[in-house]
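Structure first, commentary second.
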Amino acid sequence: MIIKLMMVGDLHVSDRAPSTRTESYTEDILMKLHGISQMARVENVDAVIFVGDIFHSKRPQGTSHALVKKVMQAMKTMQRVIIVPGNHDYDKANPINIHKGPLGVVSMMENVTLIGLPDSVSTKVKGLKIAGFREEQELYQFPVAPIVVAHAAIFPTGSKPEVWEAWDAQEVSDSYATLQGGHPRLIWYGHIHEPHGVYQVKTHERHHDVKYEITFANLGAISRGSMFEPDYDRIPQVGVVTWDMDKVGTPEGSFEIRKFDIVSARPASEVFRLTEVNEKRQDEADTSAFIDALRVAELEVLSVEKMVSELRERSDVDEPVRERAVELIEAVT
Ligand SMILES: [Mn+2]
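Start counting at 1 in the sequence shown, then tack on 112, and there's your number in our numbering.
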C-alpha cells in the first residue's frame, strides 16, 4: 500500500498585509493555496497536511468571514486535509477555544481533521497513523506514530539560536529513545519560517540498545515570513511524502520525500517592501522601548481595540513605531 501526503508550512492568512509586505499579500497567499490544491490533485495525494499558523490573527474575530470562506473553498477541492494548530491558531491557556475561531469553522468541513489537540491527538490515512503535537507539550507527552507533524520550533543540531525557545533535533530524538512504545520515523514541523530542509538524526547510544534514525523536515513558511526572512529570493515549497506501508521498518527506508516549488508565488521584489524592511529593523529598538513605556503608563485599557486606537492617536511617537507596536499587540493578544 502506497500513501502520499503533501506537507505544507505556515500560511499566515490575513485580511491585512503586514507592514513589510505589499498590498497583494492576502491575494498572494490565496493564490498559493490554490496552487497547492492543484498540485495535490496532480500528485494525487491522499491528504494535504498543514503544520499550523493557518490564520495570522490570534483573535477569533481577527479574520473576516469572507476570507475564512475563501480558505474553505480552496481546501474543499483537496481530497483530505489534516491540520495541526500553530501558536497563531489557538490560545495557549485554553487550546480547546480553537473551536471558537476560524480554524474551528474550517474543521467543520467533512474532509478536514484537526489533530494535536487534547481531544484528537492523531488520525489515520489509509491505515498509516499520523500524530500531531503543539509546541508547548512536554517531551514525554509526545504521541508516537510513524509520522509526527508539529508546529513546534525544532532546530537542526548545532544551529539552534540562543534567543529561541526551541528544541534541538538531537534532544527530541533522545527523548523518544527514553519512551516506551516506539518512535516516529518522520517528524515534519513548522513555525520557523526559514526552511531547514530534510535531515536525519541518530539517537545517542546511551539511551537505547538499538540506535535509530529520525528524519526531520521543514521546508519553510508558505507566507515567506516577515521582515526576518533570511532569503528574499526563496521560492516557497511544499513536500510530498510517498510512504510504502509494506516496507515500514526495513533498512532501506519506507518513504521518500520530494520537494515542489509553488510556481504561482510572486518574486520577493513584488511581495516585500524591501526598502521599508531595513527601516523597520531600525525601528525595532525604539519599539521595544516604547512597549516598555506602555507597561508603566496608566492607560485605561478596556479592550485591544481601545488600546490600538489610543496608540494610533499618540502624536509623540513616530508613525512606523506606532504601527509596529499595534502589530506586536495584535500578535500577542
Ligand atoms: Mn508559529
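Yeah, the Cβ is synthetic: ideal placement off N, Cα and C, and Gly gets one too.
CA-CA distance, residue i and residue j?
i           : j           : result
residue 245 : residue 428 : 44 Å
residue 281 : residue 418 : 42 Å
residue 328 : residue 206 : 28 Å
residue 154 : residue 415 : 47 Å
residue 310 : residue 439 : 32 Å
residue 371 : residue 316 : 29 Å
residue 221 : residue 149 : 16 Å
residue 151 : residue 433 : 40 Å
Quick test of your reading: residue i and residue j, contact by CB under 8 Å. State the CB separation rounded to the nearest angstrom.
i           : j           : result
residue 126 : residue 169 : 6 Å
residue 254 : residue 285 : Contact doesn't hold; Cβ gap of about 11 Å is too wide.
For ligand 1, is there any heavy atom lying closer than 7 Å to the beta carbon of residue i?
i           : result
residue 165 : yes
residue 198 : yes
residue 122 : yes
residue 211 : no
residue 316 : no
residue 308 : no
residue 263 : yes
residue 303 : yes
Starting from residue i, follow the alpha helix (DSSP H) in both directions and report where the run begins and ends.
i           : result
residue 194 : No alpha helix (DSSP H) holds residue 194; the beta strand (DSSP E) holding it covers 193-195.
residue 427 : From DSSP, residue 427 is part of no alpha helix (DSSP H); its letter is neither H nor E.
residue 287 : 281-289
residue 138 : 137-155
residue 272 : Run containing residue 272: none; DSSP gives neither H nor E here.
residue 178 : 177-188
residue 218 : 214-218
As a quick exercise: from the options, pick the residue whose alpha carbon is nearest that of residue i.
i           : options            : result
residue 192 : 137, 226, 316, 308 : 226
residue 373 : 345, 367, 216      : 345
residue 180 : 201, 217, 426, 234 : 217
residue 118 : 278, 269, 274, 259 : 259
residue 161 : 268, 219, 279, 261 : 261
residue 297 : 174, 138, 353, 178 : 353
residue 343 : 359, 312, 356, 308 : 308
residue 173 : 224, 140, 211, 187 : 211
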